[in-house]
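Q: A single structure is presented below for examination.
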Amino acid sequence: MKRALLFFFSFVAVAIIIYAMAIIPNYTAFKTLFQNAEGMAEGSEYVANTYSLADLTRFIGSKPEHVSLVSISIDRPDSSLYYEEKRPRTMGSLGNLILLYAYAQAVESSQLDPNKEVRLKDLSRFRLPLISQNAHDGAIQRLVTEESPSFTLEDAVHAMVEFNDLVIADFLWAKLGASTLQFRMEELKEFLNLKVTELPLPNAALYMAIAEPASFLPEFSPKHDSLRINSSLRAVFHTKALESFYQKTADLEQFNAVIASFEENRINQNFMQERDALTLFPQTTASELAQIMRYLLLDDQLNSNVQTRILKALGWPNGSSSVARSFESYFAQYESRMGLLSGLDFGTSIYTGERRIQVVLFDELPVAFWHHMSANHMQEDFQQRLIWDPALYQTTKLAL
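Taking numbering that gives the first Met the number 0, the leading residue of the sequence shown gets 0, the next gets one more, and so forth.
Structure, rendered in structure tokens:
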């Protein structure tokens with residue numbers, strides 16, 4: 000009996016040790032999965048649509064509430080594709096296009112020096128724990144070495160686009176300043192007659208706001224369509240979020256409390272709530288983003304130095320062998336965050352020489368579907384092949 004009890008307690012002790020070794024280092028991951036059991040099953044019936052690009056086109060054609068697409072052929076306009084192109088969608092990091100425009104103009108007018116030295120500590124006030132952390136880590140690994148702990152502003156801007164780094168985007172937003180950005184935004188609105196596209200705001204300000212939405216919007220209900228069409232309601236949220244951001248980042252004690260809260264609870268929302276809350280972020284339409292791209296990249300009325308600087312920042316994919324096989328040149332910005340997968344690109348097919356400007360916005364996606372699609376960067380493959388692959392073009396055209 001004593002031997003049996005000894006064996007039992009030894010077994011339990013070993014089991015506890017093994018369990019602790021497995022669980023404790025990954026407690027946050029286990030906690031996240033437990034809290035999001037419902038979300039991880041949401042949209043599971045659509046997961047099969049992520050198995051091939053042909054399957055994905057069927058999802059696109061059957062789910063206009065989730066997808067907008069514009070594919071403009073510069074050389075054969077009659078072959079352009081438009082799908083839900085005027086529907087308001089969350090802009091996310093595609094708003095970097097507006098930041099790039101303001102940045103290039105600021106450099107051209109000598110307001111900013113692209114060779115100015117930047118250090119990691121300059122970025123620290125914009126970094127929120129557990130918010131797009133992998134993207135930021137990737138950007139920093141590219142920028143910082145033991146031999147060179149600092150980097151230039153221009154290098155930081157390029158890393159912002161390539162890695163979709165929210166921290167550097169916020170840093171650039173602050174360098175440019177709200178008044179400069181507002182001026183450039185109004186400039187684009189007037190010249191291109193933009194009706195929906197809103198001014199990009201600091202990501203940190205927006206995530207801090209949705210961590211406690213009732214403080215900014217008492218009647219917060221992201222599923223209400225009014226949040227997409229009520230510009231005054233959106234303006235109130237954006238103004239309050241920005242004011243709170245300025246206040247909290249100016250007070251070290253308050254900002255440290257925010258950091259501690261994010262380290263413990265992130266934004267204190269489950270996956271579905273986070274996805275829904277992104278409807279409060281600045282929005283655009285696929286049509287208007289395509290207009291902005293065409294103007295910034297191809298319009299002769301814009302200063303050629305400004306265009307060249309924007310193209311250089313967007314041209315990061317050109318170093319890869321996969322892009323070189325299919326494109327004479329390719330420029331892009333991609334976005335991925337909860338329920339949101341989108342991208343803008345401008346490519347020239349190596350096979351036909353045809354040039355296309357594209358914007359694809361997957362928005363408010365079911366969580367399970369989003370996880371599967373984002374895991375293999377499927378929307379990026381879709382956008383690239385839509386330019387050079389005639390079979391995918393025809394399949395997509397038939398699906399829309």
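Idealized CB from N, CA, C, for every residue including glycine.
#1: S79 and S70 look like a contact to me (Cβ under 8 Å); what is the Cβ gap, rounded to whole Å?
#2: Within the chosen definition, does the segment 287–296 reach the segment 237–254 through at least 3 CB pairs nearer than 8 Å?
#3: Take every Cβ of the segment 315–328, pair it with every Cβ of the segment 338–354, and state whether three or more of those distances are shorter than 8 Å.
#4: Following the continuous alpha helix (DSSP H) through A259, name the residue where it begins and the one where it ends.
#5: Have a look at E186, Y82 and V46 and flag the residue whose alpha-carbon is nearest the alpha-carbon of A398.
#6: Is E145 helix, strand or coil when you go by DSSP?
#7: If you count every other CB in all the chains shown that lies within 10 Å of the CB of S319, and 16 or more means buried, which is it?
#8: Are R183 and I97 close, meaning C-beta to C-beta below 9 Å?
#9: Which residues mark the beginning and the end of the alpha helix (DSSP H) in which A101 is found?
#10: Is the Cβ-Cβ distance between F244 and L279 less than 9 Å?
#11: Return the chain-ordered ranges of every alpha helix (DSSP H) run that is complete within the segment 147–181 and spans a minimum of 4 residues.
#12: Determine, for E186, whether the minimum Cβ-Cβ distance to residues of chain D falls below 9 Å.
#13: Among E334, A105, E145 and Q282, which residue has its Cα nearest to the Cα of L152?
#14: Comparing C-alpha positions only, which one of A53, E44, G314 and R86 sits nearest to D388?
#15: Please give the ranges of any beta strand (DSSP E) in the segment 254–341, keeping only runs that are unbroken, at least 3 residues long and fully inside the region.
#16: Looking only at its own chain, which residues have a Cβ that is under 6 Å from the Cβ of I386, when we skip the five neighbours before and after it?
#17: Rounded to the nearest angstrom, what separates F29 and N192 at their Cα positions?
#18: Report the three-state DSSP secondary structure of G91 (helix, strand or coil).
#19: Among residues of its own chain, excluding the 5 on either side of M372, which ones have a beta-carbon nearer than 7 Å to its beta-carbon?
#20: Between F150 and V156, which are expected to be in contact by the criterion C-beta below 8 Å, what is the C-beta distance as a whole number of angstroms?
#21: Considering Cα atoms alone, identify which of L165, F125, S51 and N114 is closest to L93.
#22: Confirm, please, whether the CB-CB distance from T283 to V195 is below 9 Å.
#23: Rounded to a whole number of angstroms, what is the C-alpha to C-alpha distance between F254 and A203?
#24: Which residues in the same chain as Y26 place their Cβ atom closer than 6 Å to its Cβ, once the five residues preceding and following it in sequence are excluded?
#25: Just tell me which of R126, A101, L119 and F162 has its CA closest to the CA of A177.
#26: Among K174, L129, E185 and K188, which has the Cα closest to the Cα of A210?
#27: Kindly indicate which residue of A312, A285, E197 and E161 has the alpha-carbon position closest to the one of G137.
#28: Do you know how far the Cα of A312 is from the Cα of N114?
#29: Is M90 near P365, with beta carbons less than 9 Å apart?
#30: Flag this pair as yes or no: are the beta carbons of A367 and E64 separated by less than 9 Å?
#31: Are the beta-carbon atoms belonging to N163 and S335 less than 9 Å from one another?
#32: If I'm right that P148 touches R118 with Cβ under 8 Å, what's the distance once you round it to whole angstroms?
#33: When you compare each of R75, S51, D74 and P87 to S286 by their alpha carbons, which one comes out closest?
#34: Check the C-beta distance from T56 over to T394 and give it rounded, since I have them as a contact under 8 Å.
#35: Near N302, what residues of its chain come up, given a Cβ to Cβ distance below 7 Å and the 5 sequence neighbours on each side ignored?
#36: Quick check: the Cα distance between D299 and S67, rounded to an integer number of angstroms?
A: Taking the definition as stated:
#1: Right, their Cβ atoms sit about 6 Å apart.
#2: Output reads no: the segment 237–254 does not touch the segment 287–296.
#3: Yes, they touch.
#4: Its alpha helix (DSSP H) spans residues L251 to N264.
#5: Taking only the C-alpha atoms, the option nearest A398 is Y82.
#6: In the three-state reduction of the DSSP assignment, E145 falls in the coil class, being assigned neither a helical nor a strand state.
#7: Answer is exposed; the Cβ neighbour count stays below 16.
#8: Yes.
#9: Going by DSSP, A101 is part of the alpha helix (DSSP H) stretching over N95 to E107.
#10: Not a contact, by the Cβ cut-off of 9 Å.
#11: Segments of the alpha helix (DSSP H) lying fully in the segment 147–181: 152–162 and 165–175.
#12: Annotation note: the requested chain D is absent from the structure, which comprises a single protein chain.
#13: Among E334, A105, E145 and Q282, the Cα nearest to that of L152 belongs to A105.
#14: Nearest of A53, E44, G314 and R86 to D388, Cα basis: A53.
#15: The DSSP assignment places complete beta strand (DSSP E) segments of no fewer than 3 residues inside the segment 254–341 at 326–336, in order along the chain.
#16: Listed in chain order, the non-local C-beta contacts of I386 below 6 Å within the same chain comprise G346, S348 and R355, local neighbours out to five positions each way being set aside.
#17: Bear in mind that the predicted position of F29 carries a pLDDT of just 49, short of 50, making it unreliable; the figure below should be weighed with that in mind. Going from the Cα of F29 to the Cα of N192 covers about 48 Å.
#18: DSSP, read as helix, strand or coil, puts G91 in helix.
#19: The answer, listed in chain order, is T49, L340 and Q378.
#20: Cβ atoms of F150 and V156 stay farther apart than 8 Å, at about 10 Å.
#21: Out of L165, F125, S51 and N114, L165 has the C-alpha closest to the C-alpha of L93.
#22: Yes, these two residues count as a Cβ contact at 9 Å.
#23: Approximately 11 Å, taken between the alpha carbons.
#24: The predicted position of Y26 is uncertain, since its pLDDT is 47 and thus under 50; no value can be drawn from it.
#25: A check of alpha carbon separations from A177 across R126, A101, L119 and F162 identifies A101 as the nearest.
#26: Considering only alpha carbons, the answer is L129.
#27: The option with the nearest alpha carbon to G137 is E161.
#28: Using only the alpha carbons, I get a separation of about 14 Å.
#29: At a Cβ-Cβ threshold of 9 Å, M90 and P365 do not count as neighbours.
#30: Contact: no.
#31: The Cβ atoms of N163 and S335 lie closer than 9 Å to each other.
#32: Under the criterion of beta carbons closer than 8 Å, P148 and R118 qualify as touching, at roughly 7 Å.
#33: Relative to the Cα of S286, the nearest Cα in the group R75, S51, D74 and P87 belongs to P87.
#34: With a Cβ gap of about 5 Å, T56 and T394 count as contacting.
#35: Closer than 7 Å at Cβ, skipping near neighbours: E107.
#36: The alpha-carbon atoms of D299 and S67 are separated by roughly 28 Å.
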